[in-house]
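Residue numbers (the numbering used here), protein chains in the order written: chain A, 1 to 197; chain B, 1001 to 1255. Encoded as structure tokens, the structure appears first; notes follow it.
Put into structure tokens, the structure is as follows:
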């Protein structure tokens, strides 16, 4: 049972891999669309700029991910990986997202410092499969400047200059704005829940 | 609500944690991987590991130490010391660091900040500023090479440039307070924290809970870093956080 950690040349994927290693889950960091297409689960991490997700389209990874999702393969987007699941982001309006969720990601209001860096509180909806057996609220680690607003698919919210979507979920697709791989034991439990889907 | 971060710092020399007073008279304090684990379990929000000998001895950060410490650490982990190029940084990231901290090399060539930020994201780039007060003034100068060399740069101006070059955070150490346990330099911290838009981590001088309250309230720090008060059991992170909670400082507790 292999989890494909999608490498599109942006950022550092070692931390996510390390978390799956610790959980005893086989995972592979890959930029090969064929390998992504045959994976049992797909994780799209992402740090850095939304524009870097353009590489997903050019490399064929976008199509591989899209087909896998249609076939019911569980997909998890983390940070910019979650933002890419929306239609677009203010950070790079010309770069299309995957459009799994409606709307665009927007910059934090000027009232608060950006990026939003540190441990903030999550408020979790009881209906989430990903948050199964986790507390109704707990702290997780964020580092980002853009965020999605609250919508129908929001399963956890956080507050920084107003409420925003910290987690989204529909059927087999999941997005986390924070870093579960950097959020201590509860973050690992969350990744464990994804592995168990 | 976004909480104030308490960061445990491991100053490492030759693979061992040490902590000096004003950058000298180093004492041995333990194994880096074990201590990183212990601090995480006690409630530290983040771990910073600084290879304090690296810059002046011109040697690479001990990647093995980083790898060993990172393996079981699932909170943010920053590594600094001796990172001079993009490939030095890449090696530290592949060993398991989430962020790198640069000081001397960034002052020598600030485009290094941009290079690393473009490849790994701004959130992964911490610019460390060792600031020393010019006697009798509210001005500070940035120092390099473990506090040995005056850069001639004003610390506030340098912080602003680092931000514009792509730094994601500033790790601000008061050289005057480092290792003294008499409290953070709140004036320095506030001056820089209000000048830049990125988070500022205050460092140097932590001796007790009240010092953290002061640097968060008066200094407007986003995070505070300490080393020796945690290493020698003067104060556990968990006790410190309970104390901060009583003073109305938002902290991640229980963890």
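Backbone N, C-alpha and C define an ideal beta-carbon position, used for all residues, glycine too.
- Listed along chain A, no residue sits closer than 8 Å to residue 1242/B by beta-carbon distance, the nearest being about 15 Å off.
- Fewer than three Cβ pairs drawn from the segment 172-179 of chain A and the segment 1011-1019 of chain B lie within less than 8 Å of each other, which leaves the two stretches out of contact.
- Shortest Cα-Cα distance from residue 1142/B to any of 1224/B, 1179/B, 1102/B and 1112/B involves 1102/B.
- With a cutoff of 7 Å on beta-carbon distance, residue 1047/B and residue 1036/B are scored as near each other.
- With its beta carbon at least 7 Å from every one in chain A, residue 1007/B lies outside the interface.
- A Cβ-Cβ distance of about 7 Å is found for the pair residue 53/A and residue 8/A, placing them in contact under the 8 Å criterion.
- Annotation: the continuous alpha helix (DSSP H) that includes residue 192/A extends over 184-196.
- DSSP, read as helix, strand or coil, puts residue 1217/B in helix.
- The C-beta distance from residue 1192/B to residue 1159/B rounds to 5 Å, short enough to meet the 8 Å contact threshold.
- For residue 1002/B, the C-beta contacts it makes with chain A under 7 Å involve 116, 118, 120 and 160, in order along the chain.
- If you check the CB distance, residue 1177/B and residue 1147/B do not come in under 7 Å.
- Beta bridge pairing from DSSP links residue 1129/B with 1172/B.
- Residues of chain B with a Cβ closer than 9 Å to the Cβ of residue 19/A are, in chain order, 1074.
- Proximity of chain B to residue 143/A at the Cβ level (cut-off 7 Å) is accounted for by 1123, in chain order.
- The beta strand (DSSP E) runs of length 3 or more contained entirely in the segment 22-47 of chain A are, from start to end of the chain, 27-30 and 41-44.
- Three or more Cβ pairs closer than 8 Å define a contact, and the segment 107-121 of chain A falls short of that threshold against the segment 58-76 of chain A.
- Taking the Cβ atoms as the reference, residue 1075/B lies roughly 6 Å from residue 184/A, within the contact range of under 8 Å.
- Boundaries of the beta strand (DSSP E) harbouring residue 1049/B: 1046-1051, taken from the DSSP string.
- Distance between residue 84/A and residue 92/A, taken at the CA atoms: about 11 Å.
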